[in-house]
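Asks:
Chains as they are written, first to last, in my numbering: chain G, 573 to 740; chain W, 198 to 275.
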């Protein structure tokens with residue numbers, strides 16, 4: 573099972589931490605002018621933190637529900653967009669035509685994450701694994717599983733070696 | 198019967214928050230694969246309980262009546 577690299581999550585985390593820091597900075601800098609409205613400022617800060625917390629976890633849902641599952645028979649791509657759109661595609665190894673890796677930029681190169689693209693002969697023409705960790709290793713594994721799948725399947729029917737030894 | 202605008206606005210914010218919270222928890226519970234989404238759910242519930250309590254406590258500390266009186270005096274002076 574694969575998800576985006578943890579650096580993608582930490583980037584979002586830093587963004588929300590920055591928003592929180594801005595809110596707190598405004599609260600403390602403007603604090604001397606609050607006067608009689610000190611309690612109102614406390615209340616607004618509490619509501620602001622609540623909203624930041626909610627938006628941060630909404631983005632976490634997006635991160636955790638975008639998943640790619642690689643099994644020995646198929647690849648499953650689950651893509652969540654917001655709360656109300658969820659696309660699930662399956663790809664059998666017999667449909668794979670080409671697997672390529674794209675690592676673009678300084679940080680992805682250092683942190684070893686990038687995109688893995690599978691060209692298929694199926695209804696979904698391209699499977700796109702976005703910002704996954706160690707995409708080269710994943711590509712090697714998919715190619716190995718693909719070879720194994722092709723070896724034990726004849727016309728999409730699984731054939732085991734032991735059948736030949738038994739007496740057929 | 199009095200028309201408590203701050204309470205209505207705060208209740209609306211809380212309702213929106215609870216609606217969003219139910220969506221987050223539903224998605225993590227139903228579609229999350231593995232332990233990580235469940236751990237995120239747990240952290241979210243704990244954090245939400247703390248921050249909601251803080252927001253409600255902060256709301257209760259605001260002297261809305263005196264603020265309302267000050268505001269209305271301010272407006273009538275125009």
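Backbone N, C-alpha and C fix where the C-beta goes; we use that ideal spot for every residue, glycine too.
1) For residue 630/G, report the span of its beta strand (DSSP E) as first-last.
2) Under a Cβ-count criterion, where at least 16 other Cβ atoms within 10 Å of its own Cβ denotes burial, should residue 575/G be classed as buried or exposed?
3) Excluding the 5 residues preceding and the 5 following residue 262/W in the sequence, name in chain order all residues of the same chain whose CB lies nearer than 8 angstroms to its CB.
4) From the beta carbon of residue 619/G, is the nearest beta carbon of chain W less than 8 angstroms away?
5) Only counting the same chain, and skipping five residues up and downstream in sequence, which positions put a Cβ closer than 8 angstroms to that of residue 653/G?
6) Excluding five sequence neighbours on each side, which residues of the same chain lie with their C-beta closer than 6 angstroms to the C-beta of residue 207/W?
7) Between the alpha carbons of residue 650/G and residue 591/G, how many angstroms are there, rounded?
8) Verify the CB distance criterion: does residue 216/W have a CB-CB separation below 8 angstroms to chain G?
9) Please classify residue 700/G as buried or exposed, where buried requires at least 16 other C-beta atoms within 10 Å of its C-beta.
10) Check the Cβ of residue 600/G against every Cβ in chain W and list those closer than 7 angstroms, keeping chain order.
11) Let me check understanding here. Comparing Cα to Cα, which of 644/G, 656/G, 610/G and 646/G lies closest to residue 260/W?
12) Contact check, residue 639/G vs residue 669/G under 8 angstroms by CB: the rounded distance?
13) Give a yes or no on whether 8 angstroms exceeds the smallest Cβ distance from residue 626/G to chain W.
14) Is any beta-carbon of chain G found at less than 8 angstroms from that of residue 239/W?
15) Keeping to the same chain, check which residues put their C-beta closer than 7 angstroms to that of residue 245/W; ignore five residues upstream and five downstream.
16) Would residue 238/W be called buried (16 or more neighbouring beta carbons within 10 Å of its own) or exposed?
17) Check whether the segment 717 to 725 of chain G touches the segment 663 to 678 of chain G, taking contact to mean three or more Cβ pairs, one atom from each stretch, closer than 8 angstroms.
18) Using the three-state DSSP reduction, which class does residue 658/G fall into: helix, strand or coil?
19) Is it right to say residue 273/W is buried, meaning 16 or more other beta carbons lie within 10 angstroms of its own, or is it exposed?
20) Let me know the secondary structure DSSP gives residue 728/G once reduced to three states.
21) Is there a C-beta anywhere in chain G that falls below 8 angstroms from the one on residue 228/W?
22) CA-CA distance, residue 209/W and residue 626/G?
23) Taking the beta strand (DSSP E) that residue 671/G falls in, what are its first and last residues?
24) In chain G, which residues lie less than 7 angstroms from residue 220/W when you measure between Cβ atoms?
25) List the residues that DSSP assigns as beta-bridge partners of residue 653/G.
Replies: Quick look at the numbers:
1) From DSSP, residue 630/G is part of no beta strand (DSSP E) but of the alpha helix (DSSP H) over 610 to 637.
2) Residue 575/G sits buried, since 16 or more C-beta atoms from the chains shown fall within 10 Å of its C-beta.
3) Excluding positions up to five away in sequence, the list is empty.
4) It does: the Cβ of residue 619/G has a partner Cβ on chain W nearer than 8 angstroms.
5) Closer than 8 angstroms at Cβ, skipping near neighbours: 634 and 659.
6) So the qualifying residues of the chain are 256.
7) In a straight line, the C-alpha of residue 650/G is about 30 angstroms away from that of residue 591/G.
8) For residue 216/W, the answer is no, since every Cβ of chain G falls outside 8 angstroms of its Cβ.
9) Its Cβ having fewer than 16 others within 10 Å, residue 700/G is exposed.
10) Ordered by position in chain W, no residue passes the 7 angstroms Cβ test against residue 600/G, which lies about 16 angstroms from the chain.
11) Among 644/G, 656/G, 610/G and 646/G, the Cα nearest to that of residue 260/W belongs to 610/G.
12) Wrong, their Cβ atoms sit about 23 angstroms apart, outside the cutoff.
13) Output row for residue 626/G: interface = yes.
14) Not flagged as an interface residue toward chain G: residue 239/W, since no C-beta distance is shorter than 8 angstroms.
15) Once the five neighbours on either side are set aside, the close Cβ partners of residue 245/W are 218.
16) Taking all protein chains shown into account, residue 238/W has 16 or more neighbouring C-beta atoms within 10 Å of its C-beta and is therefore buried.
17) The segment 717 to 725 of chain G, when compared against the segment 663 to 678 of chain G, does touch it at the 8 angstroms Cβ threshold.
18) Residue 658/G falls in the strand class under three-state DSSP.
19) Because residue 273/W sits at a pLDDT of 44, beneath the cut-off of 50, its placement in the model cannot be relied upon, and the following sentence gives the value as read from the coordinates. Classification for residue 273/W: exposed.
20) It is coil, neither helix nor strand.
21) Output row for residue 228/W: interface = yes.
22) Taking the straight line from one Cα to the other gives about 15 angstroms.
23) Segment 668 to 674, the beta strand (DSSP E) holding residue 671/G.
24) By Cβ distance, chain G contributes 655.
25) Residue 653/G is bridged to 657/G.
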